[in-house]
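Notes to accompany the following structure.
Numbering (my numbering), first residue to last: 1 to 590.
This is the structure:
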């Protein structure tokens with residue numbers, strides 16, 4: 001190849017654009033960073049990735065994990081309650097010369113040796129820019145003061161400016177606001193997993209990493225609700241001996257670069273991972289990435305420091321994989337969200353989102369009891385008195401006492417109450433059960449980023465040709481069908497086999513143009529696992545040549561057995577050699 005050798009990233013992106021996996025959105029009008037269009041092959045591959053994730057994370061847990069679908073646009077109150085309106089921010093810096101805007105921590109990291117700047121304040125980032133002489137990456141001009149920028153896409157519902165809404169930055173809030181309904185549908189049992197796959201939007205400041213950082217992408221998430229007093233994961237025993245590569249919070253703080261390798265059981269016992277559920281999903285995620293072609297030594301889990309964590313999390317591990325251009329890149333996040341979200345929605349909505357767990361034996365104990373002062377509430381809130389008292393019922397006496405001590409008022413359901421609206425007293429109470437807010441463990445994945453990761457790890461070259469070694473269950477086409485030559489009745493037989501396979505549910509490509517070697521090269525390049533070739537022997541014995549993408553090995557298979565044998569091969573029940581009678585492969589025929 002003449003000229004400078006292209007990077008692996010450049011090769012993968014060029015292939016993706018040329019063959020129809022993905023390309024920048026709205027290129028007809030110059031394109032816009034942070035948005036991606038999927039072509040014919042990419043659309044199928046992405047759908048298959050989502051189905052694979054469903055099998056790994058939903059279907060194998062279908063006794064307690066269910067999937068729902070909620071809107072992308074939700075009212076402002078949802079994101080006020082979740083804390084996103086207040087906290088979902090990054091820091092932006094402007095070029096004083098050209099006016100371009102950049103994410104401050106990223107532009108500093110790109111031009112210095114500094115890493116892990118997410119938790120710094122605007123003033124600290126501004127100081128680093130000055131100390132290290134960080135310049136505009138576009139024009140070389142000086143940079144201004146760093147300031148906060150909210151990443152939510154804001155809109156209005158209908159023609160009313162007061163109906164403020166936001167596009168969701170995560171699917172999670174749709175699951176939290178539906179928790180009560182799903183909990184009832186699932187017969188009020190914990191643990192309960194609610195899953196969702198769908199589009200989210202984040203108004204990233206300056207996404208300059210192609211398919212790695214997008215403003216709109218597909219998220220695949222589970223919110224796993226469990227009793228904080230019974231946090232056991234019954235599935236942990238199945239994975240307890242699996243090894244995880246971890247950089248803990250302590251490791252990150254000390255600047256350790258090499259991960260420690262510990263068993264899942266050790267990680268939980270030593271408190272490196274705070275919940276068994278997060279440990280279980282982290283282990284599952286490691287296996288999921290391995291099934292996409294990422295070996296264990298090219299992935300690890302890095303803990304977020306408290307200053308870096310999302311506002312809702314008590315612990316976060318990012319699963320990262322090593323990529324050619326970008327180094328270690330996050331592919332999934334594993335957050336212990338405690339009861340943060342449900343508690344926030346209880347306070348904002350006034351609805352009781354606690355669950356009731358019956359005790360084996362009733363107990364009598366002295367408890368602090370909260371009751372509404374009905375007369376003063378009716379006097380001060382009039383027709384809203386009923387809503388106030390309903391909202392008040394969602395709070396625990398302890399929460400009310402703390403709020404009164406800290407702020408002098410209690411806010412719930414959009415109402416402010418003072419001491420005069422409340423009656424707090426101790427009483428002997430017979431308890432038959434307890435009410436509590438469930439805690440949440442969350443695994444979260446971005447589909448588009450996983451598509452790129454899979455393509456990069458599948459990309460290979462052999463004898464000057466690209467061979468895309470995609471996992472067979474993600475390949476956008478299952479099989480290609482070729483006549484060896486375009487005469488002697490071979491195309492007619494090949495088209496009949498093509499129709500037979502398509503009717504059996506395979507995604508098939510038919511191609512009769514160019515030499516057989518060129519046709520093999522075309523389907524190798526897009527990851528088609530097997531190619532079926534109809535030749536003159538087919539006319540005499542009703543067998544065809546089946547060629548393997550990765551090894552270029554060939555076997556002879558009876559036409560009538562093709563659908564069942566190909567299905568077994570693609571789903572892993574047969575090896576390639578078990579498909580039929582082996583033929584000696586050669587580069588010339590490949």
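Quick reminder that beta carbons are idealized off the backbone N, C-alpha and C, glycines included.
The model shown is predicted, which means the values in this text are computed figures rather than measured ones.
Residue i in three-state terms, based on DSSP
i           : result
residue 573 : coil
residue 496 : helix
residue 186 : coil
residue 221 : strand
residue 156 : strand
residue 146 : coil
residue 366 : strand
residue 433 : strand
residue 333 : strand
residue 226 : strand
residue 586 : The predicted position of residue 586 is uncertain, since its pLDDT is 42 and thus under 50; no value can be drawn from it.
residue 210 : helix
residue 564 : helix
residue 198 : strand
Nearest to residue i (by Cα), restricted to the options the options
i           : options               : result
residue 58  : 109, 261, 266 and 221 : 221
residue 413 : 350, 393 and 406      : 350
residue 76  : 153, 30 and 119       : 153
residue 106 : 71, 68 and 146        : 146
residue 389 : 411, 398, 403 and 402 : 411
residue 157 : 543, 71 and 579       : 71
residue 127 : 140, 137, 138 and 104 : 104
residue 215 : 235, 35, 265 and 318  : 35
residue 284 : 396, 197 and 444      : 444
residue 151 : 169, 163, 144 and 162 : 169
residue 186 : 466, 429, 113 and 355 : 355
residue 346 : 438, 203 and 268      : 438
residue 436 : 553, 331, 401 and 180 : 180
residue 39  : 369, 30 and 13        : 13
residue 550 : 535, 253, 577 and 280 : 577
residue 370 : 111, 122, 425 and 405 : 425
Distance, residue j Cα to residue i Cα
i           : j           : result
residue 46  : residue 271 : 36 angstroms
residue 478 : residue 449 : 23 angstroms
residue 166 : residue 199 : 13 angstroms
residue 232 : residue 61  : 16 angstroms
residue 243 : residue 565 : 35 angstroms
residue 568 : residue 575 : 9 angstroms
residue 528 : residue 129 : 49 angstroms
residue 52  : residue 570 : 14 angstroms
residue 399 : residue 453 : 46 angstroms
residue 526 : residue 513 : 17 angstroms
residue 457 : residue 282 : 21 angstroms
residue 507 : residue 226 : 41 angstroms
residue 42  : residue 471 : 14 angstroms
residue 510 : residue 581 : 24 angstroms
residue 476 : residue 246 : 34 angstroms
residue 308 : residue 555 : 55 angstroms
residue 381 : residue 403 : 20 angstroms
residue 132 : residue 91  : 18 angstroms
residue 587 : residue 118 : The predicted position of residue 587 is uncertain, since its pLDDT is 41 and thus under 50; a value taken from the coordinates is nonetheless stated next. Looking at the two C-alpha atoms, the distance is approximately 51 angstroms.
residue 522 : residue 163 : 52 angstroms
residue 229 : residue 190 : 12 angstroms
residue 268 : residue 237 : 12 angstroms
Contact check, residue i vs residue j, beta carbons under 8 angstroms
i           : j           : result
residue 248 : residue 314 : no
residue 137 : residue 102 : yes
residue 359 : residue 434 : yes
residue 182 : residue 194 : yes
residue 538 : residue 557 : no
residue 172 : residue 341 : yes
residue 109 : residue 115 : yes
residue 289 : residue 320 : no
residue 530 : residue 548 : yes
residue 93  : residue 143 : yes
residue 498 : residue 481 : yes
Cβ neighbours of residue i in the same chain (closer than 7 angstroms, five flanking residues each side left out)
i           : result
residue 337 : 312, 313, 440 and 442
residue 310 : 316 and 335
residue 344 : 81, 82 and 83
residue 32  : 25 and 26
residue 19  : 41, 525 and 526
8 angstroms CB neighbourhood of residue i in its chain, flanking five on each side removed
i           : result
residue 373 : 420, 421, 422 and 423
residue 139 : 95, 97, 98 and 100
residue 473 : 48, 52, 570 and 571
Chain B contact for residue i (CB, 8 angstroms cutoff)
i           : result
residue 500 : The displayed structure is made up of one protein chain only, and chain B is not part of it.
Cβ-based neighbour list, residue i, same chain, cut-off 6 angstroms, excluding 5 preceding and 5 following
i           : result
residue 297 : none
residue 155 : 165
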